[in-house]
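Line by line, the protein sequences give chains F and L.
The first sequence runs contiguously to residue 282 in this note's numbering.
The second sequence runs contiguously to residue 453 in this note's numbering.
Note that the Cβ used here is the ideal one computed from N, Cα and C, for glycine as well.
Remember, it's a predicted structure, so these values are computed and weren't measured experimentally.
Accompanying notes for the structure given below.
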Amino acid sequence: MFSQVKFYRNLNKYRKGIQLFSLLFLIMVPVLILVDIRYIVGTLYSISFWDLDIVDPSMVIQTIVLSKEFYIPLLFAAIIPVLLALVFGRVFCSWMCPYNTLLELLELRTIKRFQRKIFKRKKSKNKNPRTLIYWIVFAAIIVFTFLIGLPVFTWISMPGIISSEIFAIVVGFGIGIDTLLFGAIFLSEVVIGKRYWCKYICPVGATLALFRTKYTLKISYDESVCDCAAYAEPCASNCPLNLTPKEAMLYPYCFNCGRCIKVCEQTGNRALSFAFVASKNK
Amino acid sequence: MLKFLLNFIENAVSDEAVLRPPGAVPEKEFLDKCIQCNKCLQICPYDCIVPAGLEYGTSYGTPIIIARDVPCYLCMLCPPVCPTGALDNDLVEKEKVRMGVAEINEETCLPFSGIICRACFENCPIFRKAIILEDEMYPKVVDEHCVGCGICEKVCPVEGSAIIVKSNHNV
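Printed below as a string of structure tokens:
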């Protein structure tokens, strides 16, 4: 029988499992190619399972912006990720994206302590930034791509870079300049520690955030049972993106990882939950 | 300003057209459409498609073929896997591929200096059509049949190859 309590308690475990599986899958694809099994080919820019094509929707936007034409098979290939985003929100980011998986390693306690020591970072109160910022940055990247006429999305798509570099390293093409870019951005995240890439810049996540309706999976907050707010906010302090799930304007920033729900469940208050229709309090 | 700078860099690093995988649309359109998903590299059973290095400037990471290393054997597996149409998905006949045209350097080509060699003629996949023998001796490329696969460039015994495929991919 499906138990909601058990599901929320184990939410993080399921997520970690899927993250690990996705990372291993990205290593498995080039390894299979090395032994000449070529049924699953591709990277996170675009991947084929036998005849089924799946394309990152942000790559569709880039191709349309650059080539100024609509290639029908390309639009069809984006259906699966778009449907996933329509129903569950940006779960690709939180449950699959290898960049997020790697960044979550930074949250290990020793690394956090190290960061605090070295960079003298203070714990600041979480705040939900204005929605407009997100869309302005995304629009700026699209306009920039259009103006210089080069595949900027391809160059800065972290999941794509990581997956194609895994391929290049396994097959033996060696380390490319993309890896250096990835390393530089990753290091800057270590220094700044605000998850700015996923939160503001990443065009892959922004494209997925476009497909958001009233009925997309969201974090629902029930104020009447929220009890621990006065002295601590475990939901906010566990948010990887430094958001506060209790306040408005959580979206498009939130990528539905469910960590706030898990800790809320552990406090026993159960004020936060996943819902397709927002509760009245929000 | 930025565009000017990029053009400048591009002109500085790459002045020669590269061999693209079979079915590639014209270069400008190709660069607009290629998302560098590496599917064509991965499906190629001969591993002949490689990512372009930094010396190719802004087309860094896009698929190219270096014929002298591994030429294209025209298995025609890569055109259908391209998700964005940078490679023509409907291309199945190898005779219709136009990657480039081979050019013979008559100064180094062995038959022109009296040594019998039929390496390119015998290995050409468009047999007796793209490379013909004049006087049963001198190879000659027929431009309208040559697909530009580069097999002749690979098999040529002359150091540095006496027959080199010139990409027609800068149009």
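- Task: Measure the alpha-carbon distance for F:ILE61 versus F:GLU233 and round it to whole angstroms.
- Result: 38 Å
Given F:LEU309, which residues of its chain have a CB within under 8 Å of its CB, disregarding the five upstream and five downstream residues?
No answer is possible for residue 309 of chain F: the residues shown for chain F start at 1 and end at 282.
Task: Helix, strand or coil at F:VAL55 according to DSSP, with G and I counted as helix - done: strand
For this session: Would you identify the three-state DSSP class for L:PRO333, choosing helix, strand or coil?
Result: strand
Checklist line | Neighbour-count burial assignment, F:SER46, 16 or more Cβ in a 10 Å radius | finding: buried
**Q.** Backbone CA spacing between F:ASP178 and F:LYS246 [nearest angstrom]
**A.** 38 Å
According to DSSP, simplified to helix, strand and coil, what is F:SER220?
strand
* Cβ shell of L:ASN387 (< 6 Å), same chain only, five flanking positions each side left out -> ALA444
Is L:ILE348 closer than 8 Å to L:VAL332 when the C-beta atoms are compared? yes
Output yes or no for whether 8 Å exceeds the beta carbon distance between F:ASN256 and F:VAL143. no
Practice item. Kindly identify the DSSP beta-bridge partner or partners of L:LYS448. Key: L:VAL383
- Message: At the 8 Å Cβ level, is F:PHE167 part of the contact set with chain L, yes or no?
- Response: yes
Using the Cβ count rule (16 or more neighbours within 10 Å means buried), how would you classify F:SER163?
buried
Helix or strand or just coil, what does DSSP make of F:LYS282? Here the model assigns F:LYS282 a pLDDT of 44, short of 50, so the residue's position is not dependable, and the following value carries that caveat. Of the three classes helix, strand and coil, the one that applies to F:LYS282 here is coil, per DSSP.
- Does the separation of the CB atoms of F:LEU74 and L:GLY396 fall below 8 Å? no
- Query: Quick one: is F:TRP95 buried, meaning 16 or more other Cβ sit within 10 Å of its Cβ, or exposed?
  - Reply: buried
| query | Which residue or residues does DSSP assign as beta-bridge partners of L:LYS422? | reply | L:ILE414
**Prompt:** Do you know offhand how far F:LYS262's Cα is from F:TYR221's?
**Reply:** 13 Å
### Close Cβ partners of F:GLU189 (< 8 Å) along its chain, the five nearest in sequence each way excluded
LEU103, LEU106, ARG195, TYR196, TRP197
> F:PRO159: buried (16+ other C-beta within 10 angstroms of its C-beta) or exposed?
Replying inline: buried
Original post:
Using 8 Å as the threshold, is the region 35 to 52 of chain F in touch with the region 178 to 187 of chain F, meaning 3 or more CB pairs across them?
Top reply: no
Can you check DSSP and say which residues form a bridge with F:THR43? F:SER46
Can you tell me whether DSSP reads F:ILE118 as helix, strand or coil? helix
Original post:
Using a Cβ-Cβ distance under 8 Å, would L:TYR338 count as near chain F?
Top reply: no
- Message: For the alpha helix (DSSP H) containing F:LEU23, name the first residue and the last one.
- Response: 11 to 34
When we look at the beta-carbon of F:ALA248 and count the other beta-carbons within 10 Å, is it buried (16 or more) or exposed? exposed
Q. In this structure, what does DSSP give as the bridge partners for L:LEU301?
A. L:ILE347
For L:TYR328, go through chain B and note every residue whose CB falls closer than 8 Å to its CB, in chain order. The structure shown contains no chain B; its protein chains are F and L.
C-alpha gap between L:LEU301 and F:GLY89, whole angstroms: 41 Å
Q | Pick from L:ILE414, L:ILE408, L:VAL447 that is closest to L:CYS399, judged by C-alpha positions | A | L:ILE414
Residues of chain F with CB closer than 7 Å to the CB of L:THR366, please, in chain order.
THR63, TYR71, LEU74
Item to check | Close-in-space but distant-in-sequence residues of the same chain around L:PHE312 (CB under 8 Å, 5 per side omitted) | outcome: ARG302, ALA306, THR344, ALA368, HIS451
Let's see if you can read the secondary structure: which residues bound the alpha helix (DSSP H) around F:LEU106?
Neither: F:LEU106 is in no alpha helix (DSSP H) and is coded neither H nor E.
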